[in-house]
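Some notes on the structure that comes next.
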Amino acid sequence: MSELRLSAFNLNLLLALDALLQEGNVTRAARRLHITQSAMSHNLAQLRELLGDPLLIRGKAGMTLTPRAVGLAAALRRGLEQLQRALGDGPVFAPETATRTFVLTMGDFLAVHLMPRLLARLRVGAPGLGFTVVPVDRRRQAEQLESGEVDLGVGVNFERAPGVRSTPALAQRFVSVVRRDHPEIRGELTLEQFERWPHVVVGEGRGDGGIVDAALARLGRTRNVALRVPYFLAAPVMVAASDMILTTAELVAEHFARHYPLQRLTPPVALAPFAIDMVWHERFERDPAHTWLRGQVEAVLREPA
Numbered sequence: 078m079s080e081l082r083l084s085a086f087n088l089n090l091l092l093a094l095d096a097l098l099q100e101g102n103v104t105r106a107a108r109r110l111h112i113t114q115s116a117m118s119h120n121l122a123q124l125r126e127l128l129g130d131p132l133l134i135r136g137k138a139g140m141t142l143t144p145r146a147v148g149l150a151a152a153l154r155r156g157l158e159q160l161q162r163a164l165g166d167g168p169v170f171a172p173e174t175a176t177r178t179f180v181l182t183m184g185d186f187l188a189v190h191l192m193p194r195l196l197a198r199l200r201v202g203a204p205g206l207g208f209t210v211v212p213v214d215r216r217r218q219a220e221q222l223e224s225g226e227v228d229l230g231v232g233v234n235f236e237r238a239p240g241v242r243s244t245p246a247l248a249q250r251f252v253s254v255v256r257r258d259h260p261e262i263r264g265e266l267t268l269e270q271f272e273r274w275p276h277v278v279v280g281e282g283r284g285d286g287g288i289v290d291a292a293l294a295r296l297g298r299t300r301n302v303a304l305r306v307p308y309f310l311a312a313p314v315m316v317a318a319s320d321m322i323l324t325t326a327e328l329v330a331e332h333f334a335r336h337y338p339l340q341r342l343t344p345p346v347a348l349a350p351f352a353i354d355m356v357w358h359e360r361f362e363r364d365p366a367h368t369w370l371r372g373q374v375e376a377v378l379r380e381p382a
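Residue numbers for the sequence shown follow our numbering, so the first one is 78 and each next one is one higher.
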């Protein structure tokens with residue numbers, strides 16, 4: 078590239094180019110830089126004109142980098158890291174050479190769903206990184222995040238303590254599941270059936286399942302909670318072997334419907350959508366390693382299962 082053409086670039090455009098090359102997707106690149114998708118699309122159009130190359134092309138499996146883009150990606154990343162070091166803006170996290178272990182806290186199902194995908198994503202680009210998953214400790218989660226004992230929490234209903242930051246990583250809705258050969262429920266779940274047939278609830282206390290119970294109470298109805306279990310991995314297996322109903326996140330329902338003979342049904346009561354959140358402490362808000370980790374976890378959660 079000539080000096081004349083280099084003068085056509087500003088730092089924001091170079092950062093946009095780096096995000097596009099690293100993510101290979103306009104939406105994820107925009108999220109990475111905290112700008113709108115339309116702004117990132119405008120940046121991509123400018124970059125295509127300046128470089129005389131499409132950079133990203135649509136293929137059968139989504140967007141693909143052109144050979145020119147592949148050749149630019151590593152060199153641009155190294156250049157931006159050198160620039161950041163030269164400007165004295167703190168350390169740069171280089172996942173391809175880093176050796177460290179991140180500690181994540183999440184429930185059993187999310188560990189099964191997320192971790193294999195995350196490890197597969199990082200196997201080549203970040204071979205020196207490891208992960209430890211610990212159970213969610215509701216009493217100590219804010220303390221764990223502040224001290225750095227835990228790097229990132231992933232799940233729902235995390236404590237909103239002072240200094241704890243959060244962001245919704247994946248929107249969810251509630252889905253009910255019953256076994257495929259249920260003696261009565263087939264294809265549709267009525268309110269009368271929902272009230273009459275037994276339920277399994279995931280939780281450790283009597284108050285768990287309160288969202289569903291509150292929705293029923295508004296209609297003057299109740300349900301028969303026959304079983305409470307503390308594990309998301311256990312509940313769908315029990316449903317597949319019984320006549321019970323489980324109402325859970327769509328991510329859980331979809332996962333187990335692929336492995337067990339289950340029907341996915343719309344609950345007959347209005348249940349507000351919710352989100353799977355990521356939580357961390359504000360001490361690490363701008364830490365390069367933490368920022369990178371959050372981006373990777375969010376990207377994996379949003380991937381089609």
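C-beta: ideal position from N, C-alpha, C; glycine also. Note that this is a predicted model, so its numbers are computed, not measured.
query = Candidates A93, P172, L195, V169: which alpha carbon is nearest E375's?
reply = As a first step, residue 375 must be located in the sequence shown, where it is residue number 298. Across the set A93, P172, L195, V169, the C-alpha of L195 shows the shortest separation from the C-alpha of E375.
inquiry  = To the nearest angstrom, how far is the alpha carbon of E380 from that of L247?
reply    = Position 303 of the sequence shown, counting from 1, holds the residue named residue 380. Position 170 of the sequence shown, counting from 1, holds the residue named residue 247. CA-to-CA, the gap between E380 and L247 works out to about 10 angstroms.
task = Can you tell me which of the three DSSP states A171 falls into?
result = To locate residue 171, count along the sequence shown from 1; it is residue 94. Note: A171 maps to coil in three-state DSSP.
Counted within 10 angstroms of its Cβ, other Cβ atoms place G156 as buried (16 or more) or exposed = In the sequence shown, counting from the first residue as 1, residue 156 sits at position 79. Classification of G156: exposed, given that the 10 Å Cβ count is below 16.
key: Supposed close pair L153, D214 - CB separation, criterion 8 angstroms   = Counting from 1 along the sequence shown, the entry for residue 153 is found at position 76. Counting from 1 along the sequence shown, the entry for residue 214 is found at position 137. Incorrect: roughly 41 angstroms between the Cβ atoms, too far for contact.
key: Candidates R298, G205, G148, R145, of which the one nearest E173 by Cα   = To locate residue 173, count along the sequence shown from 1; it is residue 96. Of the candidates R298, G205, G148, R145, the one whose C-alpha sits nearest the C-alpha of E173 is G205.
ask   = From E126 to A106, what does the alpha carbon distance come to, in whole angstroms?
value = On the sequence shown, position 49 is the one that residue 126 refers to. On the sequence shown, position 29 is the one that residue 106 refers to. Taken atom to atom, the span from the alpha-carbon of E126 to that of A106 is near 19 angstroms.
message = For a quick check, are the C-beta atoms of V169 and E158 less than 8 angstroms apart?
response = To locate residue 169, count along the sequence shown from 1; it is residue 92. To locate residue 158, count along the sequence shown from 1; it is residue 81. Yes. Within cutoff.
message = Would V316 and V277 be called neighbours here (beta carbons separated by less than 8 angstroms)?
response = For the purposes of this step, residue 316 is identified with residue 239 of the sequence shown, where counting begins at 1. For the purposes of this step, residue 277 is identified with residue 200 of the sequence shown, where counting begins at 1. Result yes, Cβ atoms of V316 and V277 sit closer than 8 angstroms.
task = Decide if I353 is buried, meaning its Cβ has at least 16 other Cβ atoms within 10 Å, or exposed.
result = Taking the sequence shown and counting its residues from 1, one reaches residue 353 at position 276. I353 is buried by the Cβ-count criterion.
query = So who's on the other strand from D354, going by DSSP bridges?
reply = As a working note, residue 354 is residue 277 in the sequence shown. For D354, which the question treats as bridged, DSSP gives the partners G232, P245.
key: Through-space distance from A151 to E331, alpha-carbon basis   = By 1-based counting over the sequence shown, the position of residue 331 is 254. By 1-based counting over the sequence shown, the position of residue 151 is 74. The alpha-carbon atoms of E331 and A151 are separated by roughly 37 angstroms.
task = Have a look at E223, E100, V329 and flag the residue whose alpha-carbon is nearest the alpha-carbon of G202.
result = Position 125 of the sequence shown, counted from the start, is the residue given in the question as residue 202. Closest by alpha carbon: E100.
key: Every unbroken alpha helix (DSSP H) within the stretch 264-305, with a cutoff of 4 residues, ordered by chain   = Complete alpha helix (DSSP H) runs here, min 4: 268-273, 287-295.
ask   = My guess is that A266 and S253 are in contact by the Cβ rule of under 8 angstroms, so how many angstroms apart are they, rounded?
value = Within the sequence shown, numbered from 1, the residue matching residue 266 stands at position 189. Within the sequence shown, numbered from 1, the residue matching residue 253 stands at position 176. A small fix is needed here, since residue 266 is Leu in this sequence, not Ala. At roughly 6 angstroms, the Cβ-Cβ gap stays under 8 angstroms, so L266 and S253 are in contact.
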